Amino acid sequence: MGRRAAIPSKDGENMDWRIPPQWDGAMVKSFLRLYCGVSARTLTRLKKAENGILLNGRPAIATTRLQQGDFLEIHPPAGENHLPGLQVDVPVLWEDGDVIVFDKPPGMPVHPSPGHDCDSLANAAAAYAARRKERWAFRCVGRLDSGTSGAVIVAKNAHAAYCISKSIQKEYLALCEGTLTGEGVIDAPIRLQAGSKIRREVGAGGQEAVTQWRALEDLSCNSTVFTVVLLALQTGRTHQIRVHMANAGHPLVGDDLYGGSTALLPRQALHCRQVGFFT
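Read in numbering that gives the first Met the number 0, the sequence shown has 155 at position 156, and its numbers run on one by one without any break.
Written out as structure tokens, the structure is:
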């Protein structure tokens with residue numbers, strides 16, 4: 000038999016598999032790490048948890064040898080959200096037993112921070128889970144800046160977060176200053192600007208950063224021209240779209256950190272319209 004689909008329990012983390020022929024004689028830890036994609040951190044949690052690993056209904060250790068047809072279960076300790084709930088309904092774009100995708104509004108930080116202890120997406124997710132009497136920790140996969148709106152993936156368990164993080168893809172819409180036509184690829188390394196803890200710049204020695212873009216539509220307001228641009232990231236650097244477009248001479252509307260005017264909008268005009276991943 001091939002791999003069974005993981006079956007989430009009420010806490011969203013428990014999974015089970017029937018051992019296929021090619022893994023006969025392998026150790027539990029090898030099967031979980033190499034075949035199931037369980038992270039090293041989750042495997043450590045399983046070892047410490049009571050009945051964290053069950054083989055044919057009985058407790059097993061990581062070095063137990065498997066036989067074809069065995070039934071293997073993992074039961075990680077249930078995740079908990081120890082955050083005050085924010086009673087604001089953030090739209091949900093997709094949800095299943097392992098993943099939930101929120102449509103984050105602009106101005107909402109993803110994680111709590113000084114000055115934003117109770118109004119983050121993590122707080123809103125805690126309230127959402129509590130209303131549904133569910134137990135899962137907030138595991139954001141691919142965060143957005145506070146000023147950026149749109150789709151944010153939250154994994155309900157560590158295994159899902161580990162698998163998704165390897166293949167996440169995003170597509171953005173941005174409103175840029177000036178006129179752009181056609182499409183292109185910006186391949187320019189990004190580094191932290193000297194003397195700043197926040198601002199990035201294109202420059203030698205930076206991390207590889209590749210952005211695909213395509214101009215969709217020209218707009219004008221008070222004799223000022225803008226372009227709606229569709230963007231896809233091949234890498235996920237901090238402020239990547241904002242830095243690349245500013246460096247190209249077309250900063251995002253409202254992005255005063257990178258030279259954009261706030262006359263039309265008080266925050267960067269950037270929206271994550273679509274996210275996807277492979278498992």
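Beta carbons: idealized from backbone N, C-alpha and C, even for Gly.
Predicted model only: the values in this text are computed from it and were never measured.
- Between A214 and T223, the C-beta spacing is not below 7 Å.
- By the beta-carbon neighbour count (other beta carbons within 10 angstroms, threshold 16), T41 is buried.
- Looking at the DSSP output, V224 sits in a beta bridge with S219.
- The three-state secondary structure of W22, taken from DSSP, is helix.
- Distance from the CA atom of F276 to the CA atom of C162, rounded to whole angstroms, is 9 Å.
- The continuous beta strand (DSSP E) containing K169 extends over residues Q168 to E176.
- The three-state secondary structure of K103, taken from DSSP, is strand.
- Judged by DSSP secondary structure, R134 falls outside any alpha helix (DSSP H); it is assigned neither H nor E.
- The residues V201, G202, A203, G204, G205, Q206, E207 and A208, in chain order, have a CB closer than 8 Å to that of P188 in the same chain once the five nearest residues on each side in sequence are set aside.
- Q267 and K132 have their C-alpha atoms roughly 36 Å apart.
- At a Cβ-Cβ threshold of 7 Å, V252 and L174 count as neighbours.
- If you look at L71, you'll find it isn't in any alpha helix (DSSP H); it sits in the beta strand (DSSP E) that goes F70 to I73.
- One Cα belongs to S112, the other to Y34, and the distance between them is close to 37 Å.
- For I152, the enclosing beta strand (DSSP E) has its first and last residue at S148 to A154.
- Listed in chain order, the non-local C-beta contacts of L191 below 7 Å within the same chain comprise R199, local neighbours out to five positions each way being set aside.
- Pairing H74 with G183, the inter-Cα distance amounts to about 47 Å.
- Between Y171 and R32, the alpha-carbon positions lie close to 33 Å from each other.
- The shortest C-alpha to C-alpha distance from E176 to any of C220, S195 and S119 is the one to C220.
- Between the alpha carbons of I185 and S195 lies a gap of roughly 24 Å.
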